[in-house]
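A short worksheet on the structure shown next.
Numbering (my numbering), first residue to last: 5 to 214.
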C-alpha cells in the first residue's frame, strides 16, 4: 500500500476473494472489503480460519503467518534436486511431511490422494524407506496433479478472482474421493483410511505400506 503496509490474506480452509469494478457491484456476504481509488476493489469471505493482516515491511520477515512458509511447487526453484534435498535424512511419514507448509506449501489434502497414487506410495510410508525412483515419481506426481488443477482453473465449487467457477471435478480424480470404486490401474477397490487428522483414499494393491 502507499503507506508502506503490506496486505496479507490467509485463506485458512478456503475463501472467496472476488474482484469488483464498481463498489455497488459486489456481493453482500464478506468479512473484508478493499476499495481502490478508481472505485474498483475486492471482497474476501473466509470459509473458516481466514485472516486479513496489515504488516509493515520490517515485520514481514518475522510475521508468524508467513515467515516459515516454504516454496510452492510452481516456483521455478522447486526443482527435482531441490525436492530431493528436502527429503534427505527425514524419517517422518511422507503425507505428513508434504502437508506441512514449512516443508512444501500449497498442497491440500484434496490433491494429496492422487499425488501419492501416481507415485504408488502409501501415505504412511516413511521418507527414510523411499528410494530414488519413488522420490522422482513423487516429484512428477506433485507437478502433474497441480498443473492439471491450474489448467482446469481450480475446483468446481470454487471461484477465481473474477468470479469464474473452476473446472476441476471429481471426474478428474484418479483415486481421491472414490471409495469403493475400482482402481484405474489394477481394478482393486479403492479404500479410505485414517491418516492422522485426515482421511486418505488409496488403492491397497498399488500403494502397499511396505
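Glycine is no exception: its CB is placed at the ideal position from the N, C-alpha and C atoms.
Host beta strand (DSSP E) of residue i (start-end)
i           : result
residue 132 : Note, residue 132: premise wrong, no beta strand (DSSP E); not H, not E.
residue 169 : Counting along the chain, residue 169 falls outside any beta strand (DSSP E), and DSSP gives it neither H nor E.
residue 94  : That residue, residue 94, is in no beta strand (DSSP E); it is neither H nor E in DSSP.
residue 19  : 19-24
residue 146 : No beta strand (DSSP E) holds residue 146; the alpha helix (DSSP H) holding it covers 136-156.
residue 98  : Taken as a continuous stretch (DSSP letters only), residue 98 belongs to no beta strand (DSSP E), being part of the alpha helix (DSSP H) at 98-103.
residue 46  : 45-50
residue 201 : Here residue 201 belongs to no beta strand (DSSP E), and DSSP marks it neither H nor E.
residue 11  : 9-14
residue 56  : 55-60
residue 106 : Premise fails: residue 106 is in no beta strand (DSSP E) and is neither H nor E.
residue 189 : Looking at the DSSP string, residue 189 is not in any beta strand (DSSP E), and its letter there is neither H nor E.
residue 81  : Where residue 81 is concerned, there is no enclosing beta strand (DSSP E), given that its DSSP letter is neither H nor E.
residue 71  : Counting along the chain, residue 71 falls outside any beta strand (DSSP E), and DSSP gives it neither H nor E.
residue 212 : Premise fails: residue 212 is in no beta strand (DSSP E) and is neither H nor E.
residue 39  : 36-39
Outcome for residue i when other beta-carbon atoms lying within 10 angstroms are tallied against a minimum of 16
i           : result
residue 79  : exposed
residue 22  : buried
residue 47  : buried
residue 14  : exposed
residue 60  : exposed
residue 206 : buried
residue 19  : buried
residue 143 : buried
residue 31  : exposed
residue 180 : buried
residue 99  : buried
Reference residue i; option with closest CA among the options
i           : options              : result
residue 95  : 89, 186 and 133      : 133
residue 187 : 36, 38 and 124       : 124
residue 43  : 49, 57 and 25        : 25
residue 55  : 67, 62 and 108       : 67
residue 57  : 41, 5, 210 and 165   : 5
residue 178 : 199, 204, 30 and 165 : 204
residue 63  : 142, 11 and 196      : 11
residue 209 : 199, 105 and 190     : 190
residue 76  : 161, 109, 41 and 99  : 109
residue 82  : 98, 70 and 107       : 107
residue 164 : 28, 49 and 41        : 49
Residue j beta carbon less than 8 Å from that of residue i
i           : j           : result
residue 88  : residue 139 : yes
residue 182 : residue 194 : yes
residue 8   : residue 51  : no
residue 36  : residue 45  : no
residue 148 : residue 185 : no
residue 73  : residue 111 : no
residue 172 : residue 150 : no
residue 176 : residue 152 : yes
Bounding residues of the alpha helix (DSSP H) (the contiguous stretch that carries residue i)
i           : result
residue 161 : That residue, residue 161, is in no alpha helix (DSSP H); it is neither H nor E in DSSP.
residue 115 : 113-122
Proximity test, Cβ basis, 8 Å: residue i and chain C
i          : result
residue 59 : Protein chains in the displayed structure number just one, and chain C is not present.
- prompt: Looking at C-beta atoms only, is the number of pairs between the segment 122-133 and the segment 153-160 that lie closer than 8 Å three or more?
  reply: no
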